[in-house]
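Participant: My questions all concern the structure below.
In UniProt numbering, the protein residues as written are 1 to 332.
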């Protein structure tokens, strides 16, 4: 078998593995609040999230197209398939390590950082498409802050609108609402996160000369959506524990506000064809909701740990991507 074709097949396999891992790594973000408030049993929440993730993933392709060309031009790089394979391996390793320790790190940061690091290792800093790369980095940086504000505003609105209602009845009603908000959250997660693997596979097909345009083939969309849905069905209960309870004590009204705020931010990014970290957005919206209710109620020590992980993921994954590229290049 031709070496380039063999490497392309490896990229497809590892990209789908990344999507599978992303499913159980980031599932927790979409359903953590609903599980922590007992709006949904964990098993039901995970199955619902898997279904909505799949539907969201096959519905949109704009983020995938942006990722396929905005970081590195696949038409202009040598060893493109090796670069992509190194990036995938790096991102998968980072995801597994952070999942094992229950840290809600960003799969998006890991993949984008790894891709940039591997590309720089192969062809130097000039290989990056700086306009597109900076646009993506800005989206990754700004989106958590937008989510904090959105969560704060949403919770503030809820406090005014529902201030005269009986607490027990309000909680009961919001538990029902959370079934809907968790479904919306899972759908938006699929519209953005699954797109990243689609973009990577499409980039590999272009780099290998197997495709000439940036359109996302239907088989790629279905395969990536299926992989994320299957990963989601396994669940990520370690991260549910962190996102759903360690940041703040979440009541149903808080969970519904956080879900609506973060879903709005994620879907807005999808419409703008911008990849964002669903992990960051959802965790940040919970912080914003907690701040609107009671600033001291947010466990800022845990929040600082999460933020530190956000900060170190891009450079660490970039270094890992570069190192893995050098190793692969010795044998290929």
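Ideal Cβ positions, reconstructed from N, Cα and C, are used throughout, including at glycine.
1) Could you name each continuous alpha helix (DSSP H) segment of 4 residues or more that falls completely within the segment 3-69, going from the start of the chain to the end?
2) Roughly how many whole angstroms lie between the Cα atoms of residue 105 and residue 20?
3) Taking contact to mean at least 3 C-beta pairs separated by less than 8 Å, is the segment 64-78 in contact with the segment 209-229?
4) Taking the DSSP output, what are the residues bridged to residue 72?
5) Let me make sure I understand the geometry here. Which of 114, 278, 206 and 262 has the alpha-carbon closest to that of residue 349?
6) How long is the line joining the alpha carbons of residue 184 and residue 313, rounded to whole angstroms?
7) Distance, Cα to Cα, residue 38 vs residue 108?
8) With the cut-off set at 7 Å, would you say residue 252 and residue 180 are in Cβ contact?
9) Measure the alpha-carbon distance for residue 70 versus residue 160 and round it to whole angstroms.
10) Using the Cα positions of residue 202 and residue 158, report the straight-line distance between them to the nearest angstrom.
11) Quick one: what's got a C-beta closer than 7 Å to residue 59's C-beta in the same chain, skipping five residues either side?
12) Less than 7 Å between the C-beta atoms of residue 333 and residue 232, yes or no?
13) Since residue 276 and residue 139 should fall inside the 8 Å C-beta cutoff, what is the C-beta to C-beta distance between them, to a whole number of angstroms?
14) Ignore the nearest five residues each way along the sequence and tell me which others in residue 269's own chain have a CB closer than 7 Å to its CB.
15) Applying the criterion that 16 or more other CB atoms from any shown protein chain within 10 Å of the CB defines a buried residue, is residue 84 buried or exposed?
16) Reducing DSSP to helix, strand and coil, say where residue 105 ends up.
17) Tell me which same chain residues have a C-beta within less than 6 Å of the C-beta of residue 281, skipping the five on either side of it?
18) Can you tell me where the alpha helix (DSSP H) holding residue 256 begins and where it ends?
19) Would you mind stating whether residue 56 and residue 318 have Cβ atoms separated by less than 7 Å?
20) Taking all protein chains shown into account, do 16 or more other C-beta atoms lie within 10 angstroms of the C-beta of residue 244, making it buried, or fewer, making it exposed?
21) How long is the line joining the alpha carbons of residue 212 and residue 41, rounded to whole angstroms?
22) Along the alpha helix (DSSP H) that carries residue 227, what are the first and last residues, could you check?
23) May I ask you to report which of helix, strand or coil DSSP gives residue 276?
Facilitator: If we stick to the structure as given:
1) For the segment 3-69, the continuous alpha helix (DSSP H) assignments of 4+ residues that do not extend past its boundaries occur at 3-36 and 42-59, in sequence order.
2) Taking the chain shown and counting its residues from 1, one reaches residue 105 at position 105. Taking the chain shown and counting its residues from 1, one reaches residue 20 at position 20. Approximately 16 Å, taken between the alpha carbons.
3) Cβ pair count under 8 Å is three or more, so yes.
4) The sequence position of residue 72 within the chain shown is 72, counting from 1. Residue 72 is bridged to 128.
5) In the structure displayed, the chain extends from 1 to 332; residue 349 sits before or after that span and is not available.
6) On the chain shown, position 184 is the one that residue 184 refers to. On the chain shown, position 313 is the one that residue 313 refers to. Looking at the two C-alpha atoms, the distance is approximately 27 Å.
7) Within the chain shown, residue 38 is the residue found at index 38, counting from 1. Within the chain shown, residue 108 is the residue found at index 108, counting from 1. Note on geometry: alpha-carbon atoms of residue 38 and residue 108 lie some 29 Å from one another.
8) Taking the chain shown and counting its residues from 1, the one referred to as residue 252 is at position 252. Taking the chain shown and counting its residues from 1, the one referred to as residue 180 is at position 180. Not in contact: residue 252 and residue 180 (Cβ atoms no closer than 7 Å).
9) The residue given as residue 70 occupies position 70 in the chain shown. The residue given as residue 160 occupies position 160 in the chain shown. Taking the straight line joining both Cα atoms gives about 43 Å.
10) The count along the chain shown starts at 1 and reaches residue 202 at position 202. The count along the chain shown starts at 1 and reaches residue 158 at position 158. Rounded to whole angstroms, the separation of the alpha carbons of residue 158 and residue 202 is 43 Å.
11) Counted from its first residue, the chain shown places residue 59 at position 59. 191, listed in sequence order.
12) Only positions 1 to 332 of the chain appear in this structure, which leaves residue 333 out of reach.
13) Locating residue 276 in the chain shown gives position 276, where the first residue counts as 1. Locating residue 139 in the chain shown gives position 139, where the first residue counts as 1. Indeed they touch by this definition, with Cβ atoms about 5 Å apart.
14) Numbered from its first residue, the chain shown carries residue 269 at position 269. In chain order, 139, 143, 192 and 276 place their CB closer than 7 Å to the CB of residue 269, counting only its own chain and leaving out the 5 sequence neighbours on each side.
15) Along the chain shown, read from residue 1 onward, the residue named residue 84 stands at position 84. With 16 or more other Cβ atoms inside 10 Å of its own Cβ, residue 84 counts as buried.
16) Translated into the one-based positions of the chain shown, residue 105 becomes position 105. Secondary structure of residue 105 (DSSP, three-state): coil.
17) The sequence position of residue 281 within the chain shown is 281, counting from 1. Within the same chain, Cβ atoms closer than 6 Å to the Cβ of residue 281 are found at 143, 147, 262, 265 and 266, the five residues on either side in sequence being excluded.
18) On the chain shown, position 256 is the one that residue 256 refers to. Counting along the chain, the alpha helix (DSSP H) containing residue 256 begins and ends at 252-271.
19) Taking the first residue of the chain shown as position 1, residue 56 is located at position 56. Taking the first residue of the chain shown as position 1, residue 318 is located at position 318. Going by C-beta atoms, residue 56 is not nearer than 7 Å to residue 318.
20) Here residue 244 refers to the residue found at position 244 when the chain shown is read from its first residue. Confidence at residue 244 is low in this model, with a pLDDT of 44, below 50, so its placement is unreliable and no value can be given for it.
21) In the chain shown, the residue the question calls residue 212 occupies position 212. In the chain shown, the residue the question calls residue 41 occupies position 41. Roughly 46 Å separates the two Cα atoms.
22) Within the chain shown, residue 227 is the residue found at index 227, counting from 1. From DSSP, the alpha helix (DSSP H) with residue 227 extends over 218-234.
23) Locating residue 276 in the chain shown gives position 276, where the first residue counts as 1. In the structure shown, residue 276 falls within a coil segment according to DSSP collapsed to helix, strand and coil.
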